[in-house]
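Visitor: Residue numbering for the sequence shown follows our numbering, starting at 6 and increasing by one per position. No residue lacks a Cβ here, since even glycine has one placed at the ideal position from N, Cα and C. Got a structure here, written out as structure tokens. Questions coming.
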Amino acid sequence: MKIVGTCATRPIARPFLKVIPCAANLLRMTRIFSLLFLASVLLACNTTKVVNKVDVMDLRTVMTGSFDSSLQASVKEDYYNIVLHMEPIWLDKPGNWLYVEQAVAATADEPYRQRIYKLEQTGTRKFVSRVFEMPDPERFIGAYDDPDLLNVIGPEQLTEREGCAVHLKYEGEGTYRGSTKKDKCKSSLRGATYATSRVSITRAFVQSWDQGFNAEDEQVWGATEGGYMFMKQVKE
């Protein structure tokens, strides 16, 4: 008669010989599970390090490109098809600078907003996008296609929009979210006294919700049901 089981290899008359193989197998299995657990811990630690290692260059990369809100406009009649371009400039100067241009798609050569952003890292996963205006912006229309147009001016000629910086936090998987400080960005557009901006940035899209409020905190301009969704366009 033989013992039923994976460890039974000899007659039942000599059971003490079968204890040793079973114990050895148990010891091997314990070591394997211990190694697997250790590997999972090390992998988790390594993943955390990768997530926390993001820097301002990664932010600049996901922001760079041409975007539009045509998909959103096709399903929501209250939203226009807006084109958004962001392109790195002044690569030979200190700092990380982006030229930004926005226009209604139907009149793309007549942008209603031209800005220069300066991207800065303020913490392990924290960033700020400072907003600047440039002198005579009309002469730089289309500079996203020809960044050298902006070489005739420099950072010292820009005017910062105080209080309008967007403070961002990296949330992993190439995603950043943030906003302006509540009522610090002054605005006089359409009776407003201040403006706010809430932003989400990913590898596939930029969502921006800009709103203007009067002294009574009543909204006087901007979308009311959510931000504009700008999908990144693939260059052909």
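When we look at the beta-carbon of Ala-200 and count the other beta-carbons within 10 Å, is it buried (16 or more) or exposed?
Guide: Working through the sequence shown from its first residue, we reach residue 200 at position 195. Buried: at least 16 other Cβ atoms inside 10 Å.
Visitor: What number of angstroms, rounded off, separates the C-alpha of Lys-4 from the C-alpha of Ser-192?
Guide: The displayed coordinates of the chain run from 6 to 241. Any statement about residue 4 would go beyond what the structure contains.
Visitor: Ordered along the chain, which non-local residues of its own chain (more than five positions away) have a Cβ less than 7 Å from that of Glu-115?
Guide: The residue given as residue 115 occupies position 110 in the sequence shown. Apart from sequence neighbours up to five positions away, the residues of its chain that approach Glu-115 with a beta-carbon distance below 7 Å are Ala-108, ordered along the chain.
Visitor: How far does the beta strand (DSSP E) with Ala-200 in it extend, from its first residue to its last?
Guide: Translated into positions along the sequence shown, residue 200 becomes position 195. Judged by DSSP secondary structure, Ala-200 falls within the beta strand (DSSP E) whose first and last residues are 199 to 206.
Visitor: Can you give, in chain order, each stretch of the alpha helix (DSSP H) that sits fully within the region 73 to 148 and has at least 4 residues?
Guide: 75 to 80
Visitor: Are the region 202 to 212 and the region 150 to 164 in contact at 8 Å, needing three or more beta carbon pairs?
Guide: no
Visitor: Where do the ends of the alpha helix (DSSP H) carrying Val-61 lie?
Guide: The residue given as residue 61 occupies position 56 in the sequence shown. Per DSSP, Val-61 belongs to the alpha helix (DSSP H) from 61 to 68.
Visitor: Check this for me: beta carbons of Val-105 and Arg-120, under 7 Å apart or not?
Guide: The residue you call residue 105 lines up with position 100 of the sequence shown. The residue you call residue 120 lines up with position 115 of the sequence shown. Yes.
Visitor: Give me the DSSP bridge partner(s) of Gly-2.
Guide: Past the boundaries of the shown model lies residue 2; the chain is included only from 6 to 241, so the question cannot be answered.
Visitor: Give the C-beta separation of Gly-227 and Gln-216 to the nearest angstrom, bearing in mind that I take them to be a contact with Cβ-Cβ under 8 Å.
Guide: Taking the sequence shown and counting its residues from 1, the one referred to as residue 227 is at position 222. Taking the sequence shown and counting its residues from 1, the one referred to as residue 216 is at position 211. Right, the Cβ-Cβ distance comes to about 4 Å (below 8 Å), so this counts as a contact.
Visitor: On the premise that Ala-209 lies in contact with Met-236, defined as a C-beta separation below 8 Å, what is that separation, rounded to the nearest angstrom?
Guide: On the sequence shown, position 231 is the one that residue 236 refers to. On the sequence shown, position 204 is the one that residue 209 refers to. Taking 8 Å as the upper bound for CB-CB distance, Met-236 and Ala-209 are in contact here, some 7 Å apart.
Visitor: Give me the Cα-Cα distance between Arg-135 and Leu-64, rounded to the nearest whole angstrom.
Guide: The residue labelled residue 135 in the question sits at position 130 within the sequence shown. The residue labelled residue 64 in the question sits at position 59 within the sequence shown. CA-CA distance, Arg-135 to Leu-64, rounds to 13 Å.
Visitor: Does the separation of the CB atoms of Gly-183 and Lys-174 fall below 7 Å?
Guide: On the sequence shown, residue 183 is found 178 positions in, with the first residue counted as 1. On the sequence shown, residue 174 is found 169 positions in, with the first residue counted as 1. Cβ atoms of Gly-183 and Lys-174: closer than 7 Å.
Visitor: Quick one: grab the DSSP three-state call for Gln-238.
Guide: The count along the sequence shown starts at 1 and reaches residue 238 at position 233. Coil.
Visitor: If I follow the unbroken beta strand (DSSP E) through Gln-216, where does it start and stop?
Guide: The residue given as residue 216 occupies position 211 in the sequence shown. Residues 210 to 218.
Visitor: Per DSSP, which residues does Glu-178 bridge with? Please list them.
Guide: Here residue 178 corresponds to residue number 173 of the sequence shown, with the count starting at 1. BP columns for Glu-178 are empty, so no partner.
Visitor: Kindly indicate which three-state DSSP category Gly-227 falls into: helix, strand or coil?
Guide: On the sequence shown, position 222 is the one that residue 227 refers to. Looking at Gly-227 - three-state DSSP - the assignment turns out to be strand.
Visitor: Looking only at its own chain, which residues have a Cβ that is under 6 Å from the Cβ of His-90, when we skip the five neighbours before and after it?
Guide: If you number the sequence shown from 1, residue 90 lands on position 85. Around His-90: Ser-71, Glu-106, Tyr-149.
Visitor: By the three-class DSSP mapping on this structure, what secondary structure does Glu-161 have?
Guide: As a first step, residue 161 is located in the sequence shown; it is residue number 156 there, counting from the start. DSSP places Glu-161 in helix when its eight states are reduced to three.
Visitor: Please determine, among Met-139, Leu-76, Lys-187, Val-59, the residue with the shortest C-alpha to C-alpha distance to Asp-222.
Guide: Position 217 of the sequence shown, counted from the first residue, corresponds to residue 222. Of Met-139, Leu-76, Lys-187, Val-59, the residue nearest in Cα terms is Lys-187.
Visitor: Cβ of Ala-111 within 7 Å of Cβ of Val-88?
Guide: For this step, residue 111 is matched to residue 106 along the sequence shown. For this step, residue 88 is matched to residue 83 along the sequence shown. For Ala-111 and Val-88, no; Cβs fall outside 7 Å.
Visitor: Exposed or buried, Ala-170, counting other C-beta atoms within 10 Å across all chains shown (16 or more means buried)?
Guide: Walking along the sequence shown from the start, residue 170 turns up at place 165. Burial call: buried.
Visitor: Suppose you measure from the CA of Trp-214 to the CA of Gly-168; what does that come to, to the nearest Å?
Guide: Indexing the sequence shown from 1 puts residue 214 at position 209. Indexing the sequence shown from 1 puts residue 168 at position 163. Distance between the alpha carbons of Trp-214 and Gly-168: 17 Å.
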